[in-house]
Every structure is written in structure tokens, then in C-alpha cells.
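Protein chains in written order, with this note's numbering: chain A, 323 to 526; chain B, 10 to 471.
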């Protein structure tokens, strides 16, 4: 599914999504940028954008933007590209991954985990069959080993209520849209108040 | 569909009954005759007149009396026709032991079997299964002679098994461990009746208090999910899922897809449905015997009493590891115990009664813990190897367990002597374990399930 359609879909379900503009040229990018920004190549053919050098973060001025724009496009090589996303930098918080998949037997399942090493290395995530109730969403968060980080183990208590909402929204989206086979909201950044989803992929 | 007829038929036809003792058709018939089944039994075999003293019939249609259930053990290709005859005769249930259907790629033949059963409304188990054991009605279609595989006594655990082999091993172990069973069913390919139907049946079955489920996969995922979710509100379900590593990875494009494989989804399903997942056959036993024999208990404070200091320490570690809490004995119980044990016994939890303790000291301690409001469950560690321990401690523990006030589990590692006593305990409904880690892990599962039961009761009453 095209990036812009995927963003529209998750927003329709009330997911807080970090604004951005998919641009077609460097001039357009320069026009819309409110620094600091990130640029990302949007292509259905590129799964791991960061690994391929198709993402540049924390761009502070026009000069840097022009250079980064050119670089990420070059790194995309011959891939079919939808455009280059110019997105405001998200404020720092704790990175989460929220996703979903359609299981052959049980239908849509929703996934939750803390981003970075927690999911990638420690496989620390939880799953539930959709649709989920509030207590399922709460349990999903509490089930991961990294949960204390959200609950205030390192001083800050993050907005787990908002994340529970998000999980229920994603579950509803997956349940109601049978054509979706897989989806990732990755990363979602959670704050002491609220969260925002920074990137989305939806695979029909 | 009348699933009940599989467990409680008034009459049974054994299609493929044989005079040859090495044949399944012979063992089946023998088990019905010698196993104490009180209904009528009709051997069906066109090639002979009499088997094991019973008149043999050409076809089920030649039996004049009513036939409730047909147990079928003939070559696969003949099965649909035999079922058709059953249908015309008005047979309500069938257990198809024969293999050679979808499990070997013969999908068409299985579809034919299914069509016949649906047409005549036959409750059909299998094909490729071991069928049913009901210790109450003595229906026994498991084609293994009793000298090779024991049959469990009557009790409250019902076992639903996709696999026949696992089913057989479990039955044999259950029989040996003195486990009480309500019903056993192996459903094989599940062409007509599958795991979801059987779950529903066991949920409604009055004799079944605990359900054990062995599956390798499910057919109707969504219905299974909804059913399981409903069933656990009524009875505990212990589930073992085989084939978690098999099945090959599905090609996925997303992060989520690569993380959430088939095994992970099953785990999520069990969690979400509040089924208790066992990771091995050992755990199946260890969990289900506790669910079956002891009262539910949502409290996490464990009292430990033993005649071995080392055992006390290890048991306390197990309590921590499993996220339970060591109970703090009330001043009253400390006082009560202190009055009746030697001064060198340090009265605290875990309570080491010391190596010279006999049944009397155990009695004092266990009774105090049963009374103590700070103690939710009791782990009794008995080293049967010591001089002063003998069979009296067993009767003492059984007496305490029979009160059904708090869950009591016994840890008794050891050889022959310990084993004999552990078997007596098991037979009297006290769950025993050879290690404190398995005992406390089981206790953890009981606590988790009990919490869920409490919560759903609260929701109901509010």
C-alpha cells in the first residue's frame, strides 16, 4: 500500500501520526521543511530504509537538506520511489513498535514491543488475537520484559494509557480491514503525555 | 450431531472384528467384551460366523437390534461404504480407527467419508484415531491390549488428543500415576468432529472438571479461539501444542510478520483465552493433577515445610523464581508450632523441621499453616530417606489435603521407597513432585488461573 494511503488509513482510525510531506523534488522539500527535519525515501520496494542509507535524521538547515536529499535518493538505487518524505523531527521519547499480521488460522493479530534491541535482539514482544479489549491491551504491555521502562523504572513514567488506546485502535483497524496482511507502526514514540507514530507500512 | 453417543452408547458394532489376536479388530472387540462394557456388542465380519463367542454379522444392516455406535477398523477404501450402511441402519455415532486418509494425502477419500457422515448425521470421530475411553461406561475403542497399556481410573480430568500415540502414552502414565479420568478422546484427522466440538462437549460434560488438550494444529481457528475463551470461564484447560518448531517460516515483509510466527500466535491465543499452556508432557501432568485435586487459590503467599534444610532453601528459591511470595507466619502460628517442636527448630518460613522430624512435627506445622491467614498454599517437602519418616506422614498429609482448605503439594525426591509413598499420595488425591521447581511452577499456574476465575466472578456479580 502506498505510504500516503497507509498514513490516511491509520489516521482514520485515530492514530496520532507525525506530520510530513512526500516531496517529488529537492526544491519542494526545501519549501516545506520546518527544521529540524528528517528525510526518508518512500518506496514499497525498500523494507529496511535505515540499513540502506535511505533515511537522514536531524537536518538543521537548507544546505544540509539539499545534501541529504540527494544522498538518500542515490542510496535508493534503482528502486521504484514514491517520493521523499520530509518530516519534522519527533521529540525524543521511548521507541515502540506496534504492528499486526493476518494469521492463517486465527485472523488478525496485533503486536507490541519496545523498539530497538528489545524487539530485535531479545525478541521481547507480545501478541494478541484481534479484536482486543482494554485489559488485553494493558496485559500486552505488562507482558514484555522491558515494561518497567515505560512504568517509571528510570524516573519517567510514560503514557501507557495512550498506548493502550493505540493498541486497541490498531486492533480495530486490522479486524475491520481484511485485505491487510501485515502492518508496522515503527517507530511509535511515547512521551510522558501522548505518543506519535513516526513511520507506517501496510502490506495488503 | 450427537457426540454423547460416542461416550455412552447402549450398543456397539465392531466393523472389522477379527478372530486373529494380532489384529486391531480383535483387540477392539476383546476390550469391549472384557473391559466391562455393559451394552450389546456386535462383531461385523463377512468372513466368519463367530468371534470370541459372539455371533458375527455380515453387515451392520443384518443386526436386528438397534446399534448406537460403530467402531470401524477396516481398510480405508472400504470405510465410506461401511459408514453408508451404518447411516442406513440408523447408527448415530462412529469411530473410524482406520488410517489412510488425508494424513497420507488421500483427501478425496476423507471428503467422501465426511459427506456420508453429514448426510446421515453420524457423529464421527477420526479417521486415523484411537477413539474413546470412558471409565464410567467402559467404552474403550483404544486398540491397545490392557496388558500393554493401563486404563486410568474414574476421575475428573478429560483428555482431548489429536494424536493417538501421545494419547496412548498419556493414558498409560495416567493409569500408573493413579490419575482419575473422566473421558479420553483421540480424534485423529478430525474430519467431522474436531477439537472445537470436543472442547464444547467437555465444557458441558458434568463429570469433567479439568480439560487437557493436545493439539498439533486447529482447523477452525476463529471458532476454536472463541470456544476456548468461553470454556476457560467454566473449567481449567491445560493445553500442549505439538509441532511448534515445524511448519517452516512464512515469507514476510514486515517486522511484525517476521516476529509473529505460528508458534507465537498459538502462545498468544492460549494466553488470551486463559488456557494454561504446558511445554511438555511432564508439565501436562504436573499442572492438571494440581488443578484437578486441589482447591483454587488466588493468593500468592506460600508456606514451606520440610524435614530437609536444603529442600527448604531450594523450595524458597523456586517460590521467588516463579513470582510467588514466601508467607510470613503469623505470631500465633509461630507460637503454636514452637510449643510443640524441639527448641533447635527455627520456626520461620521456610520451615525446616530438622532431619529427625517425624509425622507429628509435620502435622503440627501443616495444621498451623492451614489455620494461618497469612498462608495461601503449602509446599510440603518430605525426604523419605530419613530415619524418622515412614508411612504415617502420608496419612497425615492426606488428611490435611482432604480438608480442601488450601492447596497442598508434596515434593518428595528419591528412589523406590519415596516413589511408593508418592504413589499412595497421588492415589489419595495429593499431587506430588520430584522437584520443588516443578511443584511451584504448577502452583503458579493454579494461582494465575484462580485469579482469572475470581475476576470473572467479580465481573459477573457486579
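Every residue, glycine too, gets a C-beta built ideally from N, C-alpha and C.
Asked	Found
Between the CA atoms of residue 376/A and residue 364/A - distance to the nearest angstrom	9 Å
Residue-chain proximity (residue 415/A, chain B), Cβ-Cβ < 7 Å	no
Extent of the continuous beta strand (DSSP E) run through residue 165/B	162-170
Neighbour-count burial assignment, residue 163/B, 16 or more Cβ in a 10 Å radius	exposed
Same chain only: Cβ atoms within 6 Å of residue 440/A, ignoring 5 sequence neighbours per side	446 and 468
Buried versus exposed, by CB contacts within 10 Å (16 or more), residue 327/A	exposed
Interface residues of chain A facing residue 269/B [CB-CB closer than 7 Å]	423, 431, 433 and 449
Minimum length 3: unbroken beta strand (DSSP E) runs contained in the segment 97-180 of chain B	102-105, 132-134, 140-143 and 162-170
Boundaries of the alpha helix (DSSP H) in which residue 462/A is found, first to last residue	456-465
Residues that residue 227/B contacts on chain A, provided the C-beta gap is smaller than 9 Å	427 and 428
Residues that residue 519/A bridges to, as DSSP identifies them	339/A and 510/A
From 66/B, 365/B and 338/B, residue whose alpha carbon lies closest to that of residue 357/B	338/B
CB contact flag (residue 489/A, residue 428/A, <7 Å)	no
4-residue-minimum alpha helix (DSSP H) runs that sit fully inside the segment 251-327 of chain B, ordered along the chain	264-268, 271-281 and 290-302
Where the segment 495-524 of chain A meets chain B: residues whose CB sits under 7 Å from a CB there	504, 505, 506, 508 and 523
Reduced DSSP category for residue 418/A - H, G, I as helix; E, B as strand; rest coil	strand
Residue 329/A at chain B interface by Cβ criterion, 7 Å	no
Chain A contact for residue 284/B (CB, 7 Å cutoff)	no
Beta strand (DSSP E) segments (min. 3 residues) lying fully within the segment 37-107 of chain B	49-53, 78-81 and 102-105
Residue 510/A and residue 431/A closer than 7 Å at C-beta	no
Under the three-state DSSP convention, the category residue 340/B falls into	helix
Assigned exposure category for residue 501/A - 16 Cβ within 10 Å defines buried	exposed
Partner residues on chain A for residue 266/B, Cβ-Cβ distance less than 7 Å	423 and 504
Residue 277/B: contacting residues in chain A (beta-carbon distance under 7 Å)	431, 449, 450 and 451
DSSP three-state assignment for residue 436/B, whether helix, strand or coil	helix
Own chain residues within Cβ distance below 6 Å of residue 506/A, not counting five before or after	421 and 523
Counted within 10 angstroms of its Cβ, other Cβ atoms place residue 371/A as buried (16 or more) or exposed	buried
Rounded straight-line distance, which links the Cα of residue 37/B to that of residue 84/B	15 Å
Cβ-Cβ distance between residue 356/A and residue 410/A below 7 Å	yes
Neighbour list for residue 274/B in chain A, Cβ cutoff strictly below 7 Å	425, 428, 431 and 449
Alpha carbon of residue 248/B to alpha carbon of residue 177/B, nearest angstrom	17 Å
Same chain, Cβ closer than 7 Å to residue 209/B, neighbours up to 5 away in sequence not counted	236
Span separating the alpha-carbon of residue 361/A from that of residue 405/A	10 Å
Residue 193/B: first and last residue of the uninterrupted beta strand (DSSP E) it sits in	189-195
Any non-hydrogen atom of the ligand GDP within 6 Å of residue 380/A CB	This structure does not include the ligand GDP; it has no bound ligands of any sort.
Whether residue 285/B touches residue 296/B by CB criterion (7 Å)	yes
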